[in-house]
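For reference, the structure is listed below as structure tokens.
Residue numbers (UniProt numbering): 1 to 348.
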């Protein structure tokens with residue numbers, strides 16, 4: 001009996017010690033989980049950025065990113081848009097061409113650089129830059145874009161995510177960069193799938209009878225009914241008029257520098273419009289600007305060369321855009337020398 005009592009007491013004692021050790025280890029494990037949770041969800045900066053984007057999401061619209069050393073110039077002027085690039089134009093230019101492009105469209109940017117995007121003259125008449133936001137949830141692609149920017153020095157970045165409904169934000173950053181960091185006479189906004197004939201456009205803009213101020217020109221619309229459904233549908237709350245103000249098609253339009261400076265004063269990232277070309281028409285109306293000038297040089301859906309063409313948009317593949325540029329160079333050389341030149345070798 002005495003032996004049994006002793007064994008029972010020993011078992012109870014060991015059981016209490018085991019419980020204490022078990023509770024101790026459970027406390028340690030629980031504390032470790034809590035610590036990991038704090039590090040992962042609260043302290044980690046990448047998680048913070050992701051959470052902020054989720055909170056402030058508007059088709060992938062984040063808070064403005066902090067400027068990295070690559071974008072900071074001598075100035076620290078606050079931006080009205082999501083623009084983060086602060087690179088200045090190294091010289092004044094007659095025509096500044098801003099191209100809307102997407103992160104994955106490097107082949108289109110390369111074709112533009114090798115054809116109409118570059119003026120090889122000693123004193124260039126035009127300069128081309130590409131407008132890009134952020135590749136959403138794709139750090140690798142953003143790194144490639146940064147490498148491309150460092151190589152060609154012709155990419156202007158914004159902190160907004162790339163999306164069709166963020167094109168108005170891209171318009172804002174393009175206008176602001178042009179106004180604050182470049183000295184130009186005219187601005188041409190276009191897309192990376194459009195062919196541009198800069199020879200004809202510069203020649204036209206330099207004519208004595210072309211307006212040097214208050215010019216808004218393109219393939220324009222004057223009494224467009226506001227759609228209430230579909231991809232471009234707009235609610236009455238967003239725009240309560242039945243007709244849009246006059247505006248020019250987004251693929252290619254020209255603004256004189258004085259208008260660009262005025263438009264920048266109206267920029268507000270919280271007051272945008274889903275149709276970027278209509279948005280420009282709305283801003284022009286607000287500043288009491290000119291009625292847009294419709295010009296037949298802004299063409300659509302044609303791979304045939306026509307004299308006097310400024311731009312061609314719609315259904316143009318790689319070879320069609322290259323062909324149009326070769327023909328434009330031939331026309332240019334013919335006008336300058338009086339005879340047709342040999343085919344221009346673009347080395348593509």
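We treat Cβ as the ideally placed atom computed from N, Cα and C, and that holds for glycine.
All of these numbers come straight from a predicted model, not from anything done at the bench.
Asked, Found
"Opposite residue 308 in the DSSP bridges: which residues?", "According to DSSP, residue 308 bridges with nothing at all."
"With a floor of 3 residues, list each beta strand (DSSP E) that falls wholly inside the region 151-176, ordered by position along the chain.", "155-161"
"Is the CB-CB distance between residue 253 and residue 289 below 7 Å?", "no"
"Apply the 10 Å Cβ neighbour rule to residue 243 and answer buried if 16 or more other Cβ atoms are within range, or exposed otherwise.", "exposed"
"So, with DSSP's three-state summary, where would you put residue 342?", "Low per-residue confidence applies at residue 342: pLDDT is 48, beneath 50, and the placement is therefore not dependable enough to give any value."
"What span of residues does the alpha helix (DSSP H) with residue 337 cover, start to end?", "318-337"
"Which residue marks the beginning of the alpha helix (DSSP H) containing residue 258, and which one marks its end?", "257-264"
"Under the three-state reduction of DSSP, which class applies to residue 84: helix, strand or coil?", "coil"
"Determine which residues share a DSSP beta bridge with residue 126 and list them.", "95"
"Count the other CB atoms, across all protein chains shown, that sit within 10 Å of the CB of residue 183; report buried if there are 16 or more and exposed otherwise.", "exposed"
"Output yes or no for whether 7 Å exceeds the beta carbon distance between residue 194 and residue 311.", "yes"
"Do you know offhand how far residue 181's Cα is from residue 206's?", "23 Å"
"Is it the case that the Cβ atoms of residue 186 and residue 332 are separated by a distance below 7 Å?", "no"
"Which residue marks the beginning of the alpha helix (DSSP H) containing residue 288, and which one marks its end?", "From DSSP, residue 288 is part of no alpha helix (DSSP H); its letter is neither H nor E."
"Rounded to the nearest angstrom, what separates residue 84 and residue 173 at their Cα positions?", "8 Å"
"Where do the N-terminal and C-terminal ends of the alpha helix (DSSP H) with residue 110 fall, by residue?", "106-114"
"Rounded to a whole number of angstroms, what is the C-alpha to C-alpha distance between residue 229 and residue 78?", "37 Å"
"Which one or two residues does DSSP pair with residue 252 in a beta bridge?", "190"
"Just the Cα atoms here: how many angstroms apart are residue 335 and residue 136?", "47 Å"
"In angstroms with no decimal places, state the Cα-to-Cα distance between residue 271 and residue 326.", "42 Å"
"Between which two residues does the alpha helix (DSSP H) carrying residue 204 extend?", "198-205"
"Taking residue 258 as the reference, give the member of 104, 201, 300 and 284 with the closest Cα.", "284"
"Please report the distance separating the alpha-carbon of residue 116 from that of residue 196.", "6 Å"
"Does the region 273-287 come close enough to the region 153-160 that 3 or more CB-CB pairs lie under 8 Å?", "no"
"Under 7 Å, do residue 297 and residue 246 count as touching if we go by C-beta distance?", "no"
"Note down the Cα distance separating residue 191 from residue 176, rounded to an integer number of angstroms.", "18 Å"
"By the DSSP assignment, the beta strand (DSSP E) with residue 216 in it spans what residues?", "216-221"
"Taking the CB atoms as reference points, tell me whether residue 178 and residue 260 lie closer together than 7 Å.", "yes"
"Mapping DSSP to helix, strand and coil, what is residue 185?", "strand"
"On the DSSP bridge list, what partners appear for residue 269?", "Residue 269 pairs with nothing; no bridge assigned."
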